[in-house]
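Participant: Each step along the sequence shown adds one to the number in the numbering used here, with nothing skipped, and position 86 is 90.
Dropping the structure in here first, questions after.
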Amino acid sequence: MKYNFDLVVNRRNTNSYKWDQTKQLFGDADILPLWVADMDFESPPAVKEALIKRAMQGTYGYTIRSSEYEAAIVNWFARRHGWSLEPAWLADVPGVVTALSLAIDLYSAPGEQVILQSPVYNPFYDVIRLNGRKIAESPLIINNGRYEMDYGHLEQLMKQGAKTMLLCSPHNPVGRVWEREELQKLSELCLKYNVLIISDEIHCDLVLPGYKHIPFASLSEEIAAQTVTATAPTKTFNLPGLQSSFVAISNRELKRRFDDRLKMLSLHSMPYFNVDAVTAAYNDGEEWLDELLVYLQGNVQFAIDYLERHLPQVKAIRPEGTYLLWVDYRNLVGSAEEIKDLMFKQAKVAFTEGSIYGETGLGYIRINYACPRSVLHEALERFCRAAQTKVR
Ligand SMILES: Cc1ncc(COP(=O)(O)O)c(C=O)c1O
Numbered sequence: 005m006k007y008n009f010d011l012v013v014n015r016r017n018t019n020s021y022k023w024d025q026t027k028q029l030f031g032d033a034d035i036l037p038l039w040v041a042d043m044d045f046e047s048p049p050a051v052k053e054a055l056i057k058r059a060m061q062g063t064y065g066y067t068i069r070s071s072e073y074e075a076a077i078v079n080w081f082a083r084r085h086g087w088s089l090e091p092a093w094l095a096d097v098p099g100v101v102t103a104l105s106l107a108i109d110l111y112s113a114p115g116e117q118v119i120l121q122s123p124v125y126n127p128f129y130d131v132i133r134l135n136g137r138k139i140a141e142s143p144l145i146i147n148n149g150r151y152e153m154d155y156g157h158l159e160q161l162m163k164q165g166a167k168t169m170l171l172c173s174p175h176n177p178v179g180r181v182w183e184r185e186e187l188q189k190l191s192e193l194c195l196k197y198n199v200l201i202i203s204d205e206i207h208c209d210l211v212l213p214g215y216k217h218i219p220f221a222s223l224s225e226e227i228a229a230q231t232v233t234a235t236a237p238t239k240t241f242n243l244p245g246l247q248s249s250f251v252a253i254s255n256r257e258l259k260r261r262f263d264d265r266l267k268m269l270s271l272h273s274m275p276y277f278n279v280d281a282v283t284a285a286y287n288d289g290e291e292w293l294d295e296l297l298v299y300l301q302g303n304v305q306f307a308i309d310y311l312e313r314h315l316p317q318v319k320a321i322r323p324e325g326t327y328l329l330w331v332d333y334r335n336l337v338g339s340a341e342e343i344k345d346l347m348f349k350q351a352k353v354a355f356t357e358g359s360i361y362g363e364t365g366l367g368y369i370r371i372n373y374a375c376p377r378s379v380l381h382e383a384l385e386r387f388c389r390a391a392q393t394k395v396r
């Protein structure tokens with residue numbers, strides 16, 4: 005391995021959302037945080053070098069999007085995902101959630117139903133509700149320990165009039181990387197009922213060895229015409245603090261409306277550091293990412309083996325992508341309050357309690373395993389030791 009993912013970087017006292025809020029959020033500053041989807045690894049060296057170079061320049065003026073930046077994005081998606089993007093389809097946004105919210109506001113009407121598949125990343129609920137739309141929830145089905153879409157239920161919601169759907173691909177928190185056939189089936193329903201898909205593909209590059217991400221809009225030109233894809237290099241290369249995401253919209257009319265809205269909100273200029281950092285990540289971060297994915301695969305195996313050996317009462321669902329492990333604790337304790345007490349007060353570790361992802365997430369916790377193995381080991385050890393007192 006060329007890159008050292010075992011390196012523990014001290015992130016406390018850096019205004020870290022993940023590390024410096026444990027007291028306020030969980031009641032104790034010494035809690036080990038494995039919750040929010042933010043990695044504890046250093047970004048690729050090329051990114052750090054690009055940022056240092058920009059910082060050293062000393063004038064921090066308005067910044068333009070370079071043709072190298074666009075080419076870096078286009079080449080990355082062609083190379084990694086076999087998706088031919090055109091620069092004209094792209095628009096920059098601070099966050100993927102910003103894009104989801106704008107798309108709901110722009111392309112659906114107040115009071116309309118927007119479909120989501122639960123359990124899902126909690127801001128999906130917020131962007132629907134806070135835009136004055138109604139949540140049309142289609143729970144995923146667990147089949148032999150693997151989550152699947154419920155096409156019958158999705159069709160029912162579409163038949164009843166839902167014209168917009170938020171897709172999470174790969175899916176946070178359950179770790180599914182949707183297969184081509186599954187997406188194809190969904191796209192047929194969307195075409196039949198004229199449903200616009202807003203596809204959150206922020207985890208597209210975090211696909212474990214042996215799996216493949218299929219961009220929803222790459223399925224066909226027909227489905228691309230009713231798809232808004234929101235994605236980013238931020239999860240992939242650990243840059244979420246840069247706030248650098250983008251949308252890809254091939255439908256010209258939808259794209260024009262999106263661009264107009266960005267202009268209206270004056271969100272159309274680039275943050276100073278982002279052009280160079282993102283260009284460096286996509287052009288020079290590929291080898292780092294491939295090694296990272298192998299390391300993450302090792303963490304998954306380590307965590308699953310550790311839990312099987314030390315706490316067989318809980319059952320981890322093997323992830324195919326993301327860096328999030330979804331664990332069923334229903335044979336250990338009975339309520340969200342009990343698991344929170346066990347994590348935060350007794351074990352001094354913060355995993356995410358699953359009901360924030362919807363009622364179907366109750367009984368599960370989400371563990372962010374994008375950290376050095378020693379940190380993961382310590383967190384699991386703390387949790388399993390405290391959990392022993394609950395074993396009947
Ligand atoms: C599915 C999903 N979408 C969006 C985000 C956040 O994206 P952003 O910070 O670009 O708004 C996350 C972060 O955890 C996520 O898991």
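Just so you know, even glycine gets a beta-carbon here, dropped at the ideal spot from N, CA and C.
Since the model is a prediction, treat every value here as computed from it, not as a measurement.
1) With H, G and I counted as helix, E and B as strand and the rest as coil, what does DSSP make of W39?
2) Anyone know if the C-beta pair for R137 and G115 falls short of 8 Å?
3) Given a cut-off of 8 Å on the beta-carbon distance, is the pair D10 and R377 in contact?
4) Are T63 and A354 close, meaning C-beta to C-beta below 8 Å?
5) Within the continuous beta strand (DSSP E) that includes K138, where are the two ends?
6) Would you kindly work out how many angstroms separate the C-alpha atoms of E226 and V279, rounded to a whole number?
7) Alpha carbon to alpha carbon, what distance is there between C375 and K352?
8) Can at least three beta-carbon pairs, one atom from the segment 208 to 227 and one from the segment 64 to 72, be found at a separation below 8 Å?
9) According to DSSP, which residues form a beta bridge with N147?
10) Using DSSP's beta-bridge definition, name the partner residues of C375.
11) Roughly how many angstroms separate the alpha carbons of I77 and K6, rounded to a whole number?
12) Measure how close the beta-carbons of L311 and R370 come, nearest whole angstrom, since I'm counting them as under 8 Å.
13) CB of I206 to nearest heavy atom of ligand 1: below 7 Å?
14) According to DSSP, is H164 part of a helix, a strand, or is it coil?
15) What is the DSSP secondary structure of F262, counted as helix, strand or coil?
16) Within a Cβ cutoff of 8 Å, which residues of the same chain sit near L55, ignoring the five residues on either side of it in sequence?
17) Taking DSSP's pairing of strands, which residues face E185 in a bridge?
18) List, from N- to C-terminal side, the alpha helix (DSSP H) runs of 4 residues or more that fit wholly inside the segment 74 to 116.
19) Have a look at the DSSP bridge pairing and note the partners of M169.
20) Within 10 Å of its beta-carbon, does I253 have 16 or more other beta-carbons around it, so buried, or fewer, so exposed?
21) Should S105 be counted as a contact of ligand 1 given a C-beta to heavy atom distance under 7 Å?
22) Report the residue ranges of all alpha helix (DSSP H) runs contained in full by the segment 265 to 321; include only those spanning at least 4 residues, in chain order.
23) Decide if D309 is buried, meaning its Cβ has at least 16 other Cβ atoms within 10 Å, or exposed.
24) Beta strand (DSSP E) containing V395: first to last residue?
25) Could you tell me whether the Cβ atoms of Q4 and M153 are closer together than 8 Å?
26) So G214 and I321 are supposed to be a Cβ contact under 8 Å. How far apart are they, rounded?
27) Can you have a look at D204 and say buried or exposed, based on whether 16 or more other CB atoms are within 10 angstroms of its CB?
28) Can you list, in chain order, the residues of its chain whose CB lies under 8 Å from that of L2, leaving out five sequence neighbours each side?
29) Taking 8 Å as the CB-CB cut-off, is T63 touching chain C?
30) Do L266 and A95 have their C-beta atoms within less than 8 Å of each other?
31) Helix, strand or coil, according to DSSP, for F220 in the structure here?
32) Please work out which residues of its chain come closer than 8 Å, Cβ to Cβ, to N198, disregarding the five sequence neighbours upstream and downstream, and give them in chain order.
33) Can you name the start and end residues of the beta strand (DSSP E) that F250 belongs to?
34) By Cβ distance, which residues of its chain are closer than 7 Å to P37, with the 5 residues on each side in sequence left out?
35) Give the range of the alpha helix (DSSP H) segment to which T26 is assigned.
36) Just the C-alpha distance for F304 and R16, rounded to the nearest angstrom, thanks.
Facilitator: According to the structure shown:
1) The answer is coil: DSSP assigns W39 none of H, G, I, E or B.
2) It is a contact, given that the beta carbons lie within the stated cut-off.
3) Contact flag set, yes.
4) The answer is no: Cβ separation not under 8 Å.
5) Here the beta strand (DSSP E) through K138 covers 138 to 143.
6) Answer to the nearest angstrom: the Cα atoms are 32 Å apart.
7) Those two C-alpha atoms are separated by around 17 Å.
8) Verdict: no, contact absent.
9) In DSSP, N147 forms a bridge with R150.
10) Paired residues: none, contrary to the question.
11) Spanning the two alpha carbons is a distance of roughly 24 Å.
12) Here L311 is actually not in contact with R370; their C-beta atoms are around 14 Å apart, not less than 8 Å.
13) Because some heavy atom of ligand 1 lies under 7 Å away, the Cβ of I206 counts as near it: yes.
14) It is worth fixing the name first, because residue 164 is Gln in this sequence and not His. Three-state DSSP puts Q164 in coil, outside helix and strand.
15) Note: F262 maps to helix in three-state DSSP.
16) Within the same chain, F277, D280, A281 come within 8 Å of L55 by CB-CB distance, once the 5 residues on both sides are set aside.
17) For E185, which the question treats as bridged, DSSP gives no partner whatsoever.
18) Under the rule that a run must span 4 or more residues, the alpha helix (DSSP H) segments found entirely inside the segment 74 to 116 read 100 to 111.
19) Among the bridge pairs identified by DSSP, M169 is matched with I119, I201.
20) Looking at its Cβ environment, which holds 16 or more other Cβ atoms inside 10 Å, I253 is buried.
21) Not a single heavy atom of ligand 1 lies less than 7 Å from the C-beta of S105.
22) DSSP assignment within the segment 265 to 321 yields the following whole alpha helix (DSSP H) runs of 4 residues or more, N-terminal first: 278 to 288, 290 to 314.
23) D309 is exposed by the Cβ-count criterion.
24) No beta strand (DSSP E) contains V395, which DSSP labels as neither H nor E.
25) Nothing about residue 4 can be read from this structure; the chain reaches only from 5 to 396.
26) The C-beta distance from G214 to I321 rounds to 16 Å, too long to meet the 8 Å contact threshold.
27) It counts as buried.
28) For residue 2 there is no data in the structure shown, the boundaries of the chain being 5 and 396.
29) Of the protein chains in the structure, only one exists, and it is not chain C.
30) Between L266 and A95, the CB-CB gap stays under 8 Å.
31) Assignment of F220 by DSSP, reduced to helix, strand and coil, places it in the helix class.
32) If the five residues before and after N198 are omitted, its C-beta is found closer than 8 Å to the C-beta atoms of K167, Q230, all from its own chain and listed in chain order.
33) Counting along the chain, the beta strand (DSSP E) containing F250 begins and ends at 249 to 252.
34) Excluding residues up to 5 positions away in sequence, K22, W23, T26, A354 lie with their Cβ nearer than 7 Å to the Cβ of P37 in the same chain.
35) Residues 26 to 30.
36) Before going further, note that residue 304 is Val rather than Phe in the sequence given. Our two residues, V304 and R16, have alpha carbons roughly 25 Å apart in a direct line.
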